[in-house]
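J.: Protein chains in written order, with this note's numbering: chain A, 1 to 239; chain B, 240 to 359. Think of the CB as a built atom: it goes at the ideal place given N, C-alpha and C, for glycine as much as any other residue.
Listed below in structure tokens is the structure:
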């Protein structure tokens, strides 16, 4: 029984040290001494669960630091603009593209004719979200700032595109309803009012697709931030 | 006219900083021996606060210039240096002003102060 307990305590001790090591790696550099302070007290505690509970304090410091970084970002206009800049640029490009392809030169072909182009567009969007996270990290930001920038880029950029759809679908309903895919979907929807049909699709897009794409953007931003951090850590002489 | 029902009421009065029960406990604990350097684990045990509660408070107090910190060599060889804490003059003034309104925050010996403050 004693052997089992000792083994359990050893495993818990190892987990506590891992939690602290993970926290040291993830915390903002100016907060690192605080995690080391928590770590330096660990040996004074009785072996076992108490040590793990103590070590979890390191995670709390990491989370609080990140939360205060987020709050600082949202409370400062220049920081907020830096976070939104990529999204606003994407939004402007998407607005032009949506108006051009739906009103100025509306296509009367099925979307399936353009599958390859859509794939390129999605790949480009994901690369853009990743780049926004990369640039946020290069500008001295943390991984949290990169995730936030990636998410904000997706939210603002795609949000502007969706709002553009809301305006043009309602203003130019007759033009938009000539699209074969939209017409086919309307006929099989069971709805009688084309405006109700397009607006239902737009609401679904805003409520479901926008949050999903924002999460994807945050993931891509994190990836970009991690990439920038890796390049920063690499010795100057390395290729 | 039908009576208006409120689901919740939000206070427009801004919250006083460093006035949470836990922060008051930490301030009281540090003010008990204002010239001494305090260890994190000792504070945690004495005040009945977990590290996840204690350290964010210490970080915040240090950020505001209310707390000075110092690394000291361990008493026993082979152990890492320990981080110690002491209130600055500004911190003592803040602690006194905050504790004036809440005398119950002073920790009593032999009873975790967090439970004492919660009325347990």
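According to a CB-to-CB cut-off of less than 8 angstroms, which residues of the segment 5-37 of chain A neighbour chain B?
T.: So the close ones are 31, 33, 34, 36, 37.
J.: Chain B beta carbons: is any one of them nearer than 8 angstroms to that of residue 47/A?
T.: The residue labelled residue 47/A in the question sits at position 47 within the first chain. Not one chain B Cβ lies under 8 angstroms of residue 47/A.
J.: Starting from residue 44/A, find everything on chain B with Cβ-Cβ shorter than 7 angstroms and list it in chain order.
T.: Here residue 44/A refers to the residue found at position 44 of the first chain. Those are 280, listed as they occur along chain B.
J.: Flag residue 253/B as yes if its beta-carbon sits less than 8 angstroms from any beta-carbon of chain A, otherwise no.
T.: The residue labelled residue 253/B in the question sits at position 14 within the second chain. With a pLDDT of 48 at residue 253/B, under the threshold of 50, the modelled position of this residue cannot be trusted; read the value that follows with caution. With 8 angstroms as the cut-off, residue 253/B does not count as an interface residue toward chain A.
J.: Which value, in whole angstroms, describes the spacing of the CA atoms of residue 186/A and residue 133/A?
T.: Reading the first chain from its first residue, position 186 is the one you call residue 186/A. Reading the first chain from its first residue, position 133 is the one you call residue 133/A. Those two C-alpha atoms are separated by around 39 angstroms.
J.: If I follow the unbroken beta strand (DSSP E) through residue 322/B, where does it start and stop?
T.: Within the second chain, the letter at position 83 stands for residue 322/B. From DSSP, the beta strand (DSSP E) with residue 322/B extends over 321-326.
J.: Do residue 103/A and residue 156/A have their CB atoms nearer than 8 angstroms?
T.: Working through the first chain from its first residue, we reach residue 103/A at position 103. Working through the first chain from its first residue, we reach residue 156/A at position 156. Cβ distance not < 8 angstroms, so residue 103/A and residue 156/A don't count as in contact.
J.: Check this for me: beta carbons of residue 160/A and residue 94/A, under 8 angstroms apart or not?
T.: Taking the first residue of the first chain as 1, we reach residue 160/A at position 160. Taking the first residue of the first chain as 1, we reach residue 94/A at position 94. Yes, Cβ-Cβ distance for residue 160/A and residue 94/A is below 8 angstroms.
J.: Looking at the structure shown, is residue 306/B part of a helix, part of a strand, or coil, going by DSSP?
T.: In the second chain, the residue the question calls residue 306/B occupies position 67. It is a strand residue.
J.: Which residues of chain A have a Cβ atom closer than 7 angstroms to the Cβ of residue 291/B, listed in chain order?
T.: Counting from 1 along the second chain, the entry for residue 291/B is found at position 52. The contacting residues are 56, 57, 60.
J.: In the segment 134-167 of chain A, which residues sit with their C-beta less than 7 angstroms from some C-beta in chain B, listed in chain order?
T.: Within the segment 134-167 of chain A, no residue has a Cβ that lies closer than 7 angstroms to any Cβ of chain B.
J.: Kindly list, in the order they appear in chain B, the residues whose Cβ is closer than 7 angstroms to that of residue 53/A.
T.: Position 53 of the first chain, counting from 1, holds the residue named residue 53/A. Those are 289, listed as they occur along chain B.
J.: Measuring alpha carbon to alpha carbon, tell me which of 9/A, 184/A, 221/A ends up nearest residue 45/A.
T.: The residue labelled residue 45/A in the question sits at position 45 within the first chain. The shortest Cα separation from residue 45/A among 9/A, 184/A, 221/A belongs to 9/A.
J.: Look up residue 298/B in the DSSP assignment and say whether it is helix, strand or coil.
T.: Locating residue 298/B in the second chain gives position 59, where the first residue counts as 1. Helix at residue 298/B.
J.: Run the CB neighbour count on residue 240/B, radius 10 Å, all protein chains shown included, and call it buried at 16 or more, exposed below.
T.: Residue mapping note: residue 240/B aligns to position 1 of the second chain, counting from 1. At residue 240/B the pLDDT is 47, less than 50, meaning the model places this residue with poor confidence and gives no usable figure here.
J.: Using the Cβ count rule (16 or more neighbours within 10 Å means buried), how would you classify residue 124/A?
T.: By one-based count along the first chain, residue 124/A stands at place 124. Looking at its Cβ environment, which holds fewer than 16 other Cβ atoms inside 10 Å, residue 124/A is exposed.
J.: What is the DSSP secondary structure of residue 232/A, reduced to helix, strand or coil?
T.: Counting from 1 along the first chain, the entry for residue 232/A is found at position 232. Three-state result, residue 232/A: helix.
J.: What's the C-alpha gap between residue 359/B and residue 285/B?
T.: Here the question's residue 359/B lines up with position 120 in the second chain. Here the question's residue 285/B lines up with position 46 in the second chain. Here the model assigns residue 359/B a pLDDT of 41, short of 50, so the residue's position is not dependable and the matter cannot be decided.
J.: Please state the DSSP three-state secondary structure of residue 184/A.
T.: Translated into positions along the first chain, residue 184/A becomes position 184. Of the three classes helix, strand and coil, the one that applies to residue 184/A here is helix, per DSSP.
J.: Does the beta carbon of residue 64/A sit closer than 8 angstroms to a beta carbon anywhere in chain B?
T.: Taking the first residue of the first chain as 1, we reach residue 64/A at position 64. Yes, contact with chain B.
J.: Does residue 321/B get closer than 8 angstroms to chain A when you measure Cβ to Cβ?
T.: Taking the second chain and counting its residues from 1, one reaches residue 321/B at position 82. Yes, residue 321/B counts as interfacial toward chain A.
J.: Determine whether the Cβ of residue 40/A lies closer than 8 angstroms to any Cβ atom of chain B.
T.: In the first chain, counting from the first residue as 1, residue 40/A sits at position 40. Residue 40/A counts as touching chain B.
J.: Give me, in chain order, the residues of the same chain whose beta-carbon lies closer than 8 angstroms to that of residue 20/A; leave out the 5 immediate sequence neighbours on both sides.
T.: Numbered from 1 along the first chain, position 20 holds the residue referred to as residue 20/A. Only 35, 38, 39, 42, 55, 58 meet the Cβ criterion.
J.: Could you tell me whether any non-hydrogen atom of the ligand PLP is closer than 7 angstroms to the CB of residue 300/B?
T.: The ligand PLP is not part of this structure, which contains no ligands at all.
J.: Of the residues that make up the segment 308-319 of chain B, which ones have a beta carbon closer than 7 angstroms to any beta carbon in chain A?
T.: Within the segment 308-319 of chain B, the qualifying residues are 318, 319.
J.: Have a look at 109/A, 232/A, 158/A and flag the residue whose alpha-carbon is nearest the alpha-carbon of residue 216/A.
T.: As a position in the first chain, residue 216/A is number 216, starting the count at 1. The option with the nearest alpha carbon to residue 216/A is 158/A.
J.: Which same chain residues, not among the five before or five after residue 88/A, have their C-beta less than 7 angstroms away from its C-beta?
T.: Stepping through the first chain from its first residue, residue 88/A is reached at position 88. 156, listed in sequence order.
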